[in-house]
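Numbering (full-length UniProt numbering), first residue to last: 1 to 135. From the three backbone atoms N, C-alpha and C, an ideal C-beta is built for every residue, glycine too. Bear in mind the structure is a predicted one, so any value in this text is a computation, not a measurement.
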Amino acid sequence: MTFVPKMKVRIAGIAGVLGLMMAPVIGVKSKSKCTLEIPKDLGFPKALIAHRGASFNLPEHTLEAYRLALELRTDYVEIDLVPTSDSHLVALHSLDLELTTNVADVFGEDRKEPNTSDENKLGYWAHTFTLEEIK
(Lines of atoms letter the chains of each structure in order from A and count residues from 1; the text may use other names and numbers.)
(Lines give C-alpha, C1' and ligand atoms only; values in the text may rest on other atoms or scores of the structure.)
Protein backbone atom coordinates (compact mmCIF):
# COMPACT_ATOMS: atom_id res chain seq x y z
CA MET A 1 0.00 0.00 0.00
CA THR A 2 2.93 2.40 0.13
CA PHE A 3 2.57 2.97 -3.63
CA VAL A 4 -0.65 4.99 -3.30
CA PRO A 5 0.60 7.63 -0.83
CA LYS A 6 3.81 8.15 -2.84
CA MET A 7 1.76 8.50 -6.01
CA LYS A 8 -0.62 10.98 -4.35
CA VAL A 9 2.30 13.08 -3.11
CA ARG A 10 3.95 13.02 -6.53
CA ILE A 11 0.73 14.02 -8.33
CA ALA A 12 -0.08 16.70 -5.74
CA GLY A 13 3.47 18.03 -5.99
CA ILE A 14 3.31 18.28 -9.78
CA ALA A 15 -0.10 19.97 -9.64
CA GLY A 16 1.13 22.39 -6.98
CA VAL A 17 4.25 23.32 -8.91
CA LEU A 18 2.26 23.86 -12.11
CA GLY A 19 -0.25 26.00 -10.23
CA LEU A 20 2.48 28.13 -8.70
CA MET A 21 4.17 28.52 -12.07
CA MET A 22 0.98 29.54 -13.87
CA ALA A 23 -0.55 31.87 -11.26
CA PRO A 24 1.81 34.83 -11.77
CA VAL A 25 2.03 34.27 -15.53
CA ILE A 26 -1.70 34.25 -16.18
CA GLY A 27 -2.41 37.25 -13.97
CA VAL A 28 -6.02 36.20 -13.55
CA LYS A 29 -8.50 38.86 -12.46
CA SER A 30 -11.85 37.34 -11.61
CA LYS A 31 -15.00 39.21 -12.68
CA SER A 32 -17.37 36.32 -11.99
CA LYS A 33 -17.24 32.58 -11.55
CA CYS A 34 -16.57 31.89 -15.24
CA THR A 35 -15.08 35.11 -16.68
CA LEU A 36 -11.35 35.79 -16.52
CA GLU A 37 -9.12 38.54 -17.87
CA ILE A 38 -5.99 37.05 -19.40
CA PRO A 39 -3.09 39.13 -20.77
CA LYS A 40 -3.10 39.23 -24.57
CA ASP A 41 0.48 38.11 -25.28
CA LEU A 42 2.27 35.77 -22.92
CA GLY A 43 4.78 34.64 -25.53
CA PHE A 44 3.38 31.13 -25.85
CA PRO A 45 0.17 29.60 -27.23
CA LYS A 46 -2.85 29.75 -24.95
CA ALA A 47 -4.82 26.64 -24.07
CA LEU A 48 -8.21 26.31 -22.43
CA ILE A 49 -8.22 23.32 -20.08
CA ALA A 50 -11.40 21.90 -18.55
CA HIS A 51 -10.55 20.34 -15.20
CA ARG A 52 -12.94 17.41 -14.54
CA GLY A 53 -14.81 18.32 -17.75
CA ALA A 54 -17.46 21.04 -17.72
CA SER A 55 -17.92 20.46 -13.99
CA PHE A 56 -19.47 23.89 -13.46
CA ASN A 57 -22.62 22.70 -15.28
CA LEU A 58 -22.59 18.92 -14.92
CA PRO A 59 -21.40 16.32 -12.40
CA GLU A 60 -17.60 16.17 -12.49
CA HIS A 61 -15.80 13.36 -14.27
CA THR A 62 -18.82 12.18 -16.27
CA LEU A 63 -18.93 11.55 -20.01
CA GLU A 64 -21.52 14.33 -20.26
CA ALA A 65 -19.15 16.79 -18.57
CA TYR A 66 -16.31 15.76 -20.91
CA ARG A 67 -18.55 16.11 -24.00
CA LEU A 68 -19.81 19.55 -22.96
CA ALA A 69 -16.25 20.72 -22.34
CA LEU A 70 -15.33 19.69 -25.88
CA GLU A 71 -18.50 21.30 -27.30
CA LEU A 72 -17.44 24.52 -25.54
CA ARG A 73 -14.23 24.27 -27.59
CA THR A 74 -11.78 23.58 -24.79
CA ASP A 75 -8.35 22.47 -25.94
CA TYR A 76 -7.90 19.80 -23.28
CA VAL A 77 -9.91 17.94 -20.65
CA GLU A 78 -7.91 17.25 -17.49
CA ILE A 79 -8.95 14.04 -15.78
CA ASP A 80 -7.92 13.11 -12.22
CA LEU A 81 -7.09 9.41 -12.00
CA VAL A 82 -7.01 7.41 -8.77
CA PRO A 83 -5.85 3.77 -8.50
CA THR A 84 -8.14 1.15 -6.97
CA SER A 85 -6.89 -1.61 -4.67
CA ASP A 86 -6.77 -3.99 -7.67
CA SER A 87 -4.67 -1.53 -9.73
CA HIS A 88 -7.38 -0.11 -12.01
CA LEU A 89 -7.69 3.63 -12.56
CA VAL A 90 -10.92 5.53 -11.90
CA ALA A 91 -11.69 9.18 -12.64
CA LEU A 92 -12.21 10.92 -9.28
CA HIS A 93 -11.25 14.35 -7.98
CA SER A 94 -11.63 13.47 -4.32
CA LEU A 95 -10.12 10.31 -2.87
CA ASP A 96 -13.07 9.95 -0.47
CA LEU A 97 -15.88 8.13 -2.27
CA GLU A 98 -18.44 9.46 0.22
CA LEU A 99 -18.31 12.92 -1.37
CA THR A 100 -19.63 11.78 -4.76
CA THR A 101 -21.22 8.34 -4.30
CA ASN A 102 -23.63 6.40 -2.07
CA VAL A 103 -20.77 4.28 -0.66
CA ALA A 104 -21.98 4.68 2.95
CA ASP A 105 -25.41 3.25 2.08
CA VAL A 106 -23.90 0.31 0.19
CA PHE A 107 -21.00 -0.66 2.47
CA GLY A 108 -21.83 0.88 5.88
CA GLU A 109 -19.53 2.39 8.46
CA ASP A 110 -17.39 -0.77 8.72
CA ARG A 111 -15.54 0.06 5.49
CA LYS A 112 -14.32 3.47 6.71
CA GLU A 113 -10.56 3.53 7.15
CA PRO A 114 -8.02 6.03 8.51
CA ASN A 115 -6.42 8.44 6.05
CA THR A 116 -2.79 7.59 5.29
CA SER A 117 -1.66 11.12 6.21
CA ASP A 118 -4.13 11.77 9.06
CA GLU A 119 -4.98 8.75 11.24
CA ASN A 120 -7.85 10.71 12.87
CA LYS A 121 -9.69 11.22 9.57
CA LEU A 122 -11.83 8.26 8.56
CA GLY A 123 -13.16 7.87 5.04
CA TYR A 124 -14.11 5.57 2.21
CA TRP A 125 -10.82 5.93 0.32
CA ALA A 126 -10.96 4.92 -3.34
CA HIS A 127 -7.63 3.09 -3.17
CA THR A 128 -9.06 0.65 -0.58
CA PHE A 129 -11.87 -0.53 -2.89
CA THR A 130 -11.70 -2.76 -5.97
CA LEU A 131 -13.01 -1.57 -9.32
CA GLU A 132 -15.93 -3.98 -9.04
CA GLU A 133 -16.90 -2.54 -5.63
CA ILE A 134 -16.79 1.01 -6.98
CA LYS A 135 -18.97 0.08 -9.97
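Under DSSP, the beta strand (DSSP E) around residue i begins and ends at which residues?
i: residue 65; result: Counting along the chain, residue 65 falls outside any beta strand (DSSP E), though it belongs to the alpha helix (DSSP H) covering 63 to 71.
Within 10 angstroms of the Cβ of residue i, are there 16 or more other Cβ atoms? Answer buried if so, exposed if not.
i: residue 44; result: exposed
i: residue 108; result: exposed
i: residue 113; result: exposed
i: residue 65; result: buried
i: residue 76; result: exposed
i: residue 60; result: buried
i: residue 103; result: buried
Is the distance from the Cβ of residue i to the Cβ of residue j below 9 Å?
i: residue 91; j: residue 99; result: no
i: residue 69; j: residue 54; result: yes
i: residue 96; j: residue 131; result: no
i: residue 127; j: residue 84; result: yes
i: residue 78; j: residue 49; result: yes
Classify residue i as helix, strand or coil using the three-state DSSP reduction.
i: residue 98; result: helix
i: residue 50; result: strand
i: residue 58; result: coil
i: residue 122; result: strand
i: residue 81; result: strand
i: residue 1; result: Any reading at residue 1 must be qualified, since the residue scores a pLDDT of 29, below 50, and its modelled position is unreliable; no value is offered.
i: residue 30; result: Bear in mind that a pLDDT of 44 at residue 30, under 50, signals an unreliable position, so the model cannot answer this.
Hey, could you find the ends of the alpha helix (DSSP H) residue i is sitting in?
i: residue 104; result: 103 to 107
i: residue 92; result: From DSSP, residue 92 is part of no alpha helix (DSSP H); its letter is neither H nor E.
i: residue 131; result: 131 to 134
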